[in-house]
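Numbering (our numbering), first residue to last: 447 to 1239. Okay, so here's the structure we're looking at.
Okay, here's the thing in structure tokens:
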């Protein structure tokens, strides 16, 4: 019996190939898009779950409470780890990792800049699960100058992963022995490392200070059944025991928190994360979009199925007359529907396999084909086949099979079905979802463009940025290089600094003079030379710039930004005094610069101190002229003369700064692509629905033509009902999109407005797409010879 049902279902599909193709194609596109988004979401949710003890691993976070604000950072003081393991019985293991400086590592003629090498405690591999390809995990990081490489790094330098016992150096001439090789770290790790050096390599007094926060990260592996909240409460006395002596005089309090390692990527709002984090808001957005894609594809299918059901009414009547039972007809219709959905699902899996590399490029992911065949994905696909198949076939299966056979054969049902309110409700839902996604896409891109185009207070165009290891910048070599390149006509200006906008900078405590005496305040600070403002186009609005001819600038003077002036309540900033926490030296404000965004636009501008450091290890050069590649080549030539043993590496400041938004830009591209596909799916369904509508009204259209109606009149006649549905959709979509995007924009300190034009434009776009889709079949019907239609009737 099942074989007979299947044979009839297949014949029905083949009988109307155009209808079947549109149905399958619409469903396949919807399922494909949903699959891609589901794979993306599952990958984001899988971060750090590869660790065997992932549910017991936590990272310690630090909360620094100043009188005016609280700082939240992923960094901790270096001595914290051993204290946690020694004094707190809940802690089974405590391990620290320290991000090393970006240095050159070399083997023979091969040398590469490595910025992802961490120092780590010897018990690192007891906490994290990094499979060893060679070496012994328990002893790999015990001895000083031991290093464990990832498989990729081993092959890059030695051409093989069998390298234990070999050694290589860095640009500081430090020699390291390779004691292990681990598999490359998974892409879904909240920190990425190319190698780990034993922490015993660090100087004896390294970080031996509870007042210092460097690139130190502390993790704990809790014992089974331990409660993280209870441990956080027990950690409160650490302030009095180790930090009060340092910080209490500045009215600064410090406490710790614990964040599950599996929550870091999506839920951390801390400063100084080792890698770009994700966002739960995007998880919700992409999950909703995936659901929308399925809903729209399902609506298409249900629309076409219910519309076509009227055309099959006589078939149902004849089947009933010749003895088919209602249960047999229900099974037949449901099987047809499930068959269409199954074919569409199989097609969508094939499309995903074909397009997965392109999706990985678009999203920055490394999703593998194995992920597509994991049990949770297979369950979702099976659910789609059953749910969409049963819903799509439910109308003809239940409603039509319940009617009187004689009424069906007389055509009464066909007439009633042609004006189904169900289809109008479904089309309205489809239009509403499409418009919400269209508005959200426009707002997302408006915000990204706003962030890209906003005046940042500095000029980053055609500025090349070069950094060098401070240990190699001896005898003012970088200053010599600066003097050399300024002789070239294509270099307008050049400067030296400790950082550029977009780079991390120091945060220190200072005693700052106010109208009511000195107060303690934490402030961002870094060093620059006298040409920094000119090179970056930053304006000095009060006082003066640094000068190489004034010795006092090196030790006694500084420049502040406008926000620092406002925060301190200074009527006149010039001459105000600032001392370091120990009171060893006193600095005087000699100038005020116009505010500029040192950090990304995700952060509000903070008070900033700029000190004179002409011997820093970063250089910026402003390039003029159109031949940038030639100029870069000349800069490299000059570099090799002064730094013959160091490869020339550079970035462009605008690209470097905008890279902070790369994750959001990728997500925006994904959102835009899938919004466009949502509208495409809607158009496919609309195309078929209009074809059915014009076919049902062909006699009416012919009569109107005979009595003198123009083609434009007929197009308007058919389009009118769809325009009304779009109007209803606007009433529902506008408030939904407004509330959703208003909430999304709250996370940005600098944000675009929700403009009325965005909402109106989205409606116009949808109207235009609908008119084009409707016009295709409407014009075709209007141009048909009316005699043929009337003769057929």
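From the three backbone atoms N, C-alpha and C, an ideal C-beta is built for every residue, glycine too. No experiment lies behind these values; they were computed from the predicted model shown.
Sequence-distant residues of the same chain with beta carbon closer than 7 Å to residue 1178, five excluded per side: Excluding sequence neighbours, residue 1178 sits near 878.
Limits of the beta strand (DSSP E) - the one that residue 984 falls within: First-last for residue 984: undefined, no H or E at that position.
Beta-carbon gap between residue 629 and residue 576 smaller than 8 Å: Cβ distance < 8 Å, so residue 629 and residue 576 count as in contact.
Rounded distance between the beta-carbons of residue 489 and residue 811, thought under 8 Å: For a cut-off of 8 Å, the C-beta gap from residue 811 to residue 489 is around 6 Å, short enough to register as a contact.
Close Cβ partners of residue 862 (< 7 Å) along its chain, the five nearest in sequence each way excluded: Any reading at residue 862 is ruled out, since the residue's pLDDT is 44, under 50, leaving its predicted position unreliable.
Boundaries of the beta strand (DSSP E) in which residue 1007 is found, first to last residue: In the DSSP assignment, residue 1007 falls within the beta strand (DSSP E) that extends over 1003 to 1007.
Other residues of its chain near residue 1182: CB distance less than 7 Å, five sequence neighbours each side excluded: Sequence-distant partners of residue 1182 (beyond 5 residues in either direction) whose C-beta falls short of 7 Å from its own C-beta, in its chain, are 882.
First and last residue of the uninterrupted alpha helix (DSSP H) at residue 1100: First-last of the alpha helix (DSSP H) with residue 1100: 1099 to 1104.
Proximity winner among 937, 942 and 780, relative to residue 1080 (alpha-carbon distances): Each of 937, 942 and 780 was checked against the Cα of residue 1080, and the nearest Cα belongs to 937.
Contacts around residue 633, its chain only, beta-carbon distance under 6 Å, and the 5 residues preceding and following it disregarded: For residue 633, the CB contacts under 6 Å within the same chain, skipping 5 residues up- and downstream, are 812 in chain order.
Assigned exposure category for residue 888 - 16 Cβ within 10 Å defines buried: Buried, since its Cβ has 16 or more Cβ neighbours within 10 Å.
DSSP three-state assignment for residue 592, whether helix, strand or coil: Collapsing the DSSP output to three states places residue 592 in a strand.
Per-residue burial, residue 913 [other beta carbons within 10 Å of its own, 16 or more giving buried]: Buried, since its Cβ has 16 or more Cβ neighbours within 10 Å.
Proximal residues to residue 954 (C-beta, below 8 Å), its chain only, five neighbours per side dropped: Around residue 954: 968, 969, 971, 1026 and 1027.
Residue closest to residue 438, alpha-carbon to alpha-carbon, out of 714, 518, 544 and 711: Because the chain is modelled from 447 through 1239, residue 438 falls outside the range shown and cannot be assessed.
Three-pair Cβ contact test at 8 Å for the region 931 to 951 versus the region 1060 to 1070: As far as the Cβ criterion goes, the region 931 to 951 touches the region 1060 to 1070, which means the pair count is three or higher.
Residue 966 beta carbon near the ligand COA (any heavy atom closer than 7 Å): With respect to the ligand COA, the structure shown offers nothing to examine, as it has no ligands at all.
According to DSSP, residues forming a beta bridge with residue 612: None, per the DSSP bridge assignment.
Coil, strand or helix - residue 860 by DSSP: Low confidence applies to residue 860: its pLDDT is 48, below 50, so where it sits in the model is not reliable, and the reading given next is rough at best. Correct three-state label for residue 860: helix.
Cβ shell of residue 834 (< 6 Å), same chain only, five flanking positions each side left out: Answer for residue 834: 744 and 787, listed in chain order.
Inter-residue Cα distance where the pair is residue 693 and residue 593: If you take the alpha carbons of residue 693 and residue 593, they lie about 36 Å apart.
Euclidean distance between Cα positions of residue 1120 and residue 735: Their Cα atoms are separated by approximately 8 Å.
Residue 907 versus 1059, 805 and 1072, residue with shortest Cα-Cα distance: Ranking the options by Cα distance to residue 907, first place goes to 1072.
For residue 1077, the first and last residue of its enclosing alpha helix (DSSP H): 1074 to 1088 is the span of the alpha helix (DSSP H), which, as asked, contains residue 1077.
Cross-strand partners of residue 989 (DSSP beta bridge): Beta-bridge pairing by DSSP links residue 989 to 1037.
CB of residue 667 within 8 Å of CB of residue 573, strictly: Contact check for residue 667 against residue 573 passes: the beta carbons are separated by less than 8 Å.
Unbroken alpha helix (DSSP H) run spanning residue 572, endpoints: Looking at the DSSP string, the run of the alpha helix (DSSP H) that includes residue 572 is 570 to 573.
Paired residues, beta bridge with residue 644 - DSSP: Bridge partners of residue 644 according to DSSP: 566.
Distance between residue 832 and residue 1044 (C-alpha atoms, nearest Å): Roughly 54 Å between the two C-alpha positions.
Nearest-angstrom beta carbon gap, residue 1009 and residue 966 [assumed within contact, 8 Å]: With 8 Å as the limit, residue 966 and residue 1009 do not qualify as a contact, their Cβ atoms being about 18 Å apart.
Helix, strand or coil at residue 662 [DSSP, three-state]: In the three-state DSSP reduction, residue 662 falls in the strand class (E or B).
Assigned secondary structure, residue 865 (DSSP; H/G/I helix, E/B strand, else coil): For residue 865, the predicted model reports a pLDDT of 43, less than 50, meaning its position is unreliable; a value from the coordinates is still stated below. In the three-state DSSP reduction, residue 865 falls in the coil class, being neither helix nor strand.
Opening and closing residue of the alpha helix (DSSP H) in which residue 972 lies: For residue 972, there is no enclosing alpha helix (DSSP H); the residue is found in the beta strand (DSSP E) stretching over 963 to 974.
Burial state of residue 809 (16 or more Cβ within 10 Å): By the 10 Å Cβ count, residue 809 comes out buried.
Contact check, residue 1006 vs residue 1055, beta carbons under 8 Å: Cβ atoms of residue 1006 and residue 1055: closer than 8 Å.
Length of the line joining the Cα atoms of residue 776 and residue 1117: Here the C-alpha atom of residue 776 lies approximately 39 Å from the C-alpha atom of residue 1117.
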